[in-house]
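> Per this note's numbering, residue 1 is the first one in the sequence shown, and the count goes up by one each step. Just dropping this structure here.
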Amino acid sequence: MSIRRQWLTRAETNADIPTIHAINAAAFDTPMEADLVDALRADSSWIEGLSIVATDEDGKLIGYALLTRCHIGETPALCLAPVAVWPEYQNTGAGSAAIRAALKAAEDMGEHFVVVLGHPAYYPRFGFTRASTHGIGLTIDVPDEALMALTLDTDHPLPSGTVRYAAPFGI
Ligand SMILES: CC(C)(COP(=O)(O)OP(=O)(O)OC[C@H]1O[C@@H](n2cnc3c(N)ncnc32)[C@H](O)[C@@H]1OP(=O)(O)O)[C@@H](O)C(=O)NCCC(=O)NCCS
């Protein structure tokens, strides 16, 4: 059984970039997500301060979460992707720590809406709900439960519309 630990979180610095690439390359089956992060960093969808690392007490990078600009219809929103943790550290809370820190940073910036395409067993714990129940959809076919959305501020209910991802996602 894995033990949940307390992880530190902070925004990425330039020195973190190679390790972030390596974590994503290790966490996923192909280099696609690692390359995607690098492409997003050079794209207009990149928002300084929303690329978040989870580290141990010694500063070793363990987990990663990224929010970039997307739109729901015409409304600006954020896309959570990718989220990655070194395989040997998975299920120890590092992914959750990075996600929670990213969402908090976004909220502090005055952002309202976040969408994620991912595992429906994982993301509801952060408040995400099925996007289709809000009238939010995609231009591509995905399992209905895989697209989820979250409002960071209950005064701002989720808009409905089609999610337009940043160009590097190719969606
Ligand atoms: C998915 C991932 C980011 C989760 O981060 P983590 O630090 O390992 O997970 P946490 O410790 O925060 O949370 C553990 C929970 O996540 C669940 N979980 C872990 N990986 C999961 C996955 N691929 N799909 C669904 N749930 C997953 C565990 O079952 C556990 O659930 P429980 O709390 O109900 O027991 C990480 O496991 C990872 O990098 N996986 C490979 C890459 C990937 O699939 N990224 C996400 C793409 S949507």
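Ideal Cβ positions, reconstructed from N, Cα and C, are used throughout, including at glycine.
In whole angstroms, what is the alpha-carbon distance linking A26 and G137?
By one-based count along the sequence shown, residue 26 stands at place 26. By one-based count along the sequence shown, residue 137 stands at place 137. About 30 Å.
> Leaving out five residues before and five after P31 in sequence, what residues of the same chain have Cβ atoms less than 7 Å from its Cβ?
Position 31 of the sequence shown, counted from the start, is the residue given in the question as residue 31. Closer than 7 Å at Cβ, skipping near neighbours: A25.
> So the candidates are A101, D141, M148, N91; which of them puts its Cα closest to the Cα of H119?
Numbered from 1 along the sequence shown, position 119 holds the residue referred to as residue 119. Among A101, D141, M148, N91, the Cα nearest to that of H119 is on M148.
> Taking the Cβ atom as the reference point for each residue, do L78 and L66 lie within a distance shorter than 7 Å?
As a working note, residue 78 is residue 78 in the sequence shown. As a working note, residue 66 is residue 66 in the sequence shown. No; because the gap between Cβ atoms is not below 7 Å, this pair is not in contact.
> Taking 6 Å as the cut-off, is the CB of I94 close to at least one heavy atom of ligand 1?
As a working note, residue 94 is residue 94 in the sequence shown. Per the sequence shown, the amino acid found at residue 94 is Ala instead of Ile. Yes, the Cβ of A94 comes within 6 Å of a heavy atom of ligand 1.
> Opposite F113 in the DSSP bridges: which residues?
Within the sequence shown, the letter at position 113 stands for residue 113. Per DSSP, T151.
> Can you determine whether any heavy atom of ligand 1 sits closer than 6 Å to the C-beta of N91, and answer yes or no?
As a position in the sequence shown, residue 91 is number 91, starting the count at 1. Set against 6 Å, the gap from the CB of N91 to the closest heavy atom of ligand 1 is smaller.
> Thinking C-beta only, is G73 closer than 7 Å to P18?
Counting from 1 along the sequence shown, the entry for residue 18 is found at position 18. Counting from 1 along the sequence shown, the entry for residue 73 is found at position 73. With respect to the 7 Å criterion, P18 and G73 are not classified as neighbours on the basis of their beta carbons.
> Quick one: is the Cβ of Y122 within less than 6 Å of any heavy atom of ligand 1?
Position 122 of the sequence shown, counted from the start, is the residue given in the question as residue 122. Yes, the beta carbon of Y122 sits closer than 6 Å to at least one heavy atom of ligand 1.
> In the DSSP assignment, the beta strand (DSSP E) including T55 goes from what residue to what residue?
By 1-based counting over the sequence shown, the position of residue 55 is 55. First-last of the beta strand (DSSP E) with T55: 51-55.
> Please return the same chain residues whose Cβ sits closer than 7 Å to the Cβ of E145, not counting the five positions on each side in sequence.
Residue 145 sits at position 145 when you count from the first residue of the sequence shown. Hits under 7 Å: P120, R130.
> Rounded to a whole number of angstroms, what is the C-alpha to C-alpha distance between A84 and A106?
Taking the sequence shown and counting its residues from 1, one reaches residue 84 at position 84. Taking the sequence shown and counting its residues from 1, one reaches residue 106 at position 106. Take the alpha-carbon of A84 and the one of A106: they are about 19 Å apart.
> Could you spell out the range, first to last residue, of the beta strand (DSSP E) harbouring T75?
Working through the sequence shown from its first residue, we reach residue 75 at position 75. 75-85 is the span of the beta strand (DSSP E), which, as asked, contains T75.
> Are A101 and I23 touching if we call contact CB-CB under 7 Å?
In the sequence shown, the residue the question calls residue 101 occupies position 101. In the sequence shown, the residue the question calls residue 23 occupies position 23. No, the Cβ-Cβ distance between A101 and I23 is not below 7 Å.
> Roughly how many whole angstroms lie between the Cα atoms of I47 and I20?
Here residue 47 is taken as the residue at index 47 of the sequence shown, counted from 1. Here residue 20 is taken as the residue at index 20 of the sequence shown, counted from 1. When rounded, the distance between both Cα atoms is 16 Å.
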